[in-house]
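Student: Starting off with a structure, shown below.
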Ligand code: ARG
């Protein structure tokens with residue numbers, strides 16, 4: 006049979022495959038709450054403007070609340086032949102309240118309707134990501150407080166570079182995730198304009214009050230151009246962009262947890278709650294949650310690229326291609342929220358191993374820079390010369406199979422006569438990190454100040 010919504014000019018119903026490719030109800034039912042909120046705002050405005058009667062508006066409002074409760078209690082009769090959430094809700098409303106339901110769509114199109122629903126949904130996701138990021142930041146700060154002065158190796162190229170502190174490393178991620186929060190907040194602020202009332206694409210001859218519906222839905226203002234209102238999806242792309250960058254940060258941390266929990270590193274013990282065993286190797290404790298998180302990031306990047314690709318060839322304004330925006334974004338948002346929750350749990354529950362960290366911190370001649378700095382400071386050598394002398398001392402230590410502090414004073418003086426026993430003070434890892442008091446440096450005193458600043462910021 007032909008469609009009840011637009012069947013006027015159609016004699017036959019769609020092919021079954023057509024229905025399968027066309028229908029979005031399988032996924033866009035997640036917009037039910039937003040769709041009903043949007044319709045309630047629209048109906049109230051139509052009545053306030055005298056476009057429909059108050060009694061019609063009341064019937065619509067009551068009916069929509071019934072629809073919502075049916076959806077929430079899982080008794081709603083979803084119908085794939087009604088394509089999408091908008092037509093499912095409206096058709097059911099008609100069954101419940103009769104004729105007034107037909108007046109709801111006055112001065113509106115599914116094009117502005119889906120745009121407003123999706124904006125509301127993505128806006129909620131910005132808020133959800135913000136809350137989850139705050140929890141993750143708090144967990145990282147907890148770790149930083151615990152190990153503000155635990156010494157560990159800092160790496161470049163994954164080669165030992167200089168000693169740093171556990172707390173400093175944790176606070177580095179706090180900076181990243183705080184910027185992620187700011188990116189979601191920026192995206193949210195820019196997307197917070199209401200497309201409702203743009204109608205199909207050109208606006209409408211009905212005297213709509215777009216300011217009123219914008220306000221009712223928590224938007225700052227209506228969008229200024231009706232073509233843009235129905236054609237734009239950059240709000241979702243900004244969300245996916247922010248989500249992708251945040252996901253990249255999550256993935257780097259996940260990668261570190263995988264490396265750090267290995268027998269070769271032993272930097273951290275992951276909690277049983279976030280690990281699994283092996284069915285054959287009894288000793289195994291695998292960091293599965295971190296690995297899966299690292300992998301799920303691909304879905305988020307994928308959604309970002311998919312939506313960019315969907316949008317890039319579309320002439321203004323709406324094309325049905327845009328229906329594919331939702332499944333991608335839903336999946337990315339689910340992956341992001343799951344990833345944030347898993348990471349927060351892993352970070353909160355993990356136990357750094359300060360003794361192993363300290364041993365690792367001293368390996369690989371990690372205080373060679375401190376030695377070179379000492380030659381500059383105490384003997385007045387140019388840094389390049391000091392670098393060269395230190396390099397000679399490192400290869401001497403390497404030949405002797407020992408660490409820098411284990412070289413004798415005689416051996417040191419054979420490379421540079423001016424070296425005194427005072428040099429041994431700077432070769433220890435604690436002195437090394439304690440000396441890094443430059444702004445933003447790794448000294449425990451700095452780390453504690455960063456922690457205090459962030460805690461104040463968060464409260
Ligand atoms: N299900 C559609 C979507 O998600 C709603 C808008 C349809 N508009 C239209 N003119 N066919 O994009």
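Numbering (the UniProt record's numbering), first residue to last: 6 to 464. Yeah, the Cβ is synthetic: ideal placement off N, Cα and C, and Gly gets one too. The structure displayed is predicted, hence computed values, not measured ones.
1. Give me the residue from 131, 284 and 360 with the minimum Cα distance to residue 195.
2. Would you mind sorting residue 251 into buried or exposed? The rule is 16 or more other CB atoms within 10 Å of its CB.
3. Going by DSSP, what residues sit across from residue 356 in a beta bridge?
4. Using the C-alpha atoms, what's the distance from residue 190 back to residue 133?
5. Kindly give me the distance between the Cβ atoms of residue 328 and residue 312, rounded to whole angstroms, as I take these residues to be in contact under 8 Å.
6. Considering only residues of the region 378-462, which uninterrupted alpha helix (DSSP H) runs meet the minimum length of 4 residues and lie entirely inside it, listed in chain order?
7. Report yes or no: do three or more beta-carbon pairs, one from the region 400-414 and one from the region 380-387, lie closer than 8 Å?
8. Could you compute how far the alpha carbon of residue 91 sits from the alpha carbon of residue 170?
9. Within the same chain, show all residues whose beta-carbon is closer than 6 Å to that of residue 322, passing over the 5 residues directly before and after it, in chain order.
10. Going by C-alpha to C-alpha distance, which of 51, 326 and 370 sits closest to residue 113?
11. Taking a contact to mean a Cβ-Cβ separation below 9 Å, would you say residue 336 touches residue 270 in this structure?
12. Could you tell me the distance, in whole angstroms, from the CA atom of residue 20 to the CA atom of residue 315?
13. Mapping DSSP to helix, strand and coil, what is residue 68?
14. What does a CB cutoff of less than 7 Å around residue 216 pick up in its chain, not counting 5 residues either side in sequence?
15. Following a CB-centred definition, is residue 29 positioned closer than 8 Å to any heavy atom of the ligand ARG?
16. Under the three-state reduction of DSSP, which class applies to residue 130: helix, strand or coil?
17. Shorter than 8 Å, the distance from the beta carbon of residue 116 to the closest heavy atom of the ligand ARG, or not?
18. Terminal residues of the continuous alpha helix (DSSP H) containing residue 368?
19. Output the distance between the C-alpha atoms of residue 101 and residue 81, rounded to the nearest integer angstrom.
20. For the ligand ARG, is there a heavy atom less than 8 Å away from the beta-carbon of residue 135?
21. Below 8 Å on the Cβ atoms is my contact criterion, and I expect residue 208 with residue 452 to pass it. Report the Cβ-Cβ distance as a whole number of Å.
22. Helix, strand or coil, according to DSSP, for residue 160 in the structure here?
23. Can the beta-carbon of residue 65 be found less than 9 Å from the beta-carbon of residue 98?
24. Entirely within the region 60-120 and at least 4 residues each: give me those alpha helix (DSSP H) ranges in chain order.
25. Which of the three DSSP states, helix, strand or coil, is assigned to residue 167?
26. Under the criterion of a Cβ to heavy atom distance below 8 Å, does residue 205 qualify as lining the ligand ARG?
27. What do you get for residue 144, buried or exposed, if any count of 16 or more other CB atoms within 10 angstroms of its CB means buried?
28. Who does residue 199 pair with in a DSSP beta bridge?
29. Considering Cα atoms alone, identify which of 295, 151, 59 and 357 is closest to residue 281.
30. State the CB to CB distance for the pair residue 174 and residue 109, rounded to an integer number of angstroms; the pair is presumed to be in contact (CB under 8 Å).
31. Put residue 218 into one of helix, strand or coil per three-state DSSP.
32. Touching or not, the region 118-131 and the region 28-47, by the rule of three or more beta carbon pairs under 8 Å?
33. Could you pull the start and end residues of the alpha helix (DSSP H) that residue 246 belongs to?
34. Could you tell me which residues DSSP puts in a beta bridge with residue 291?
35. Starting from the C-beta of residue 256, find all residues in its chain whose C-beta is less than 6 Å away, skip the five residues before and the five after it, and write them out in chain order.
36. What residue from 368, 413 and 285 has the CA that sits closest to residue 160's CA?
Tutor: The structure says:
1. Cα-wise, what sits closest to residue 195 is 131.
2. Of the other Cβ atoms in all chains shown, 16 or more fall within 10 Å of the Cβ of residue 251; this residue is therefore buried.
3. 274
4. 11 Å
5. In fact, because the Cβ distance is near 12 Å, the residues do not count as touching under 8 Å.
6. 388-405, 414-420, 428-431 and 434-440
7. no
8. Each residue's Cα considered, the two are about 55 Å apart.
9. 206, 232, 235 and 236
10. 51
11. no
12. 25 Å
13. helix
14. 227
15. Yes, Cβ of residue 29 sits closer than 8 Å to a heavy atom of the ligand ARG.
16. helix
17. Yes, the beta carbon of residue 116 sits closer than 8 Å to at least one heavy atom of the ligand ARG.
18. That residue, residue 368, is in no alpha helix (DSSP H); it is neither H nor E in DSSP.
19. 12 Å
20. no
21. Actually they are not in contact, since the Cβ atoms of residue 208 and residue 452 sit about 57 Å apart, beyond 8 Å.
22. strand
23. yes
24. Counting whole runs of 4 or more residues, the region 60-120 contains the alpha helix (DSSP H) stretches 90-102.
25. strand
26. yes
27. Here residue 144 is buried: its Cβ has 16 or more other Cβ atoms, across all protein chains shown, within 10 Å.
28. 227
29. 295
30. That belief does not hold up - the Cβ atoms of residue 174 and residue 109 are roughly 56 Å apart, past 8 Å.
31. helix
32. yes
33. 239-265
34. 281
35. 299 and 302
36. 368
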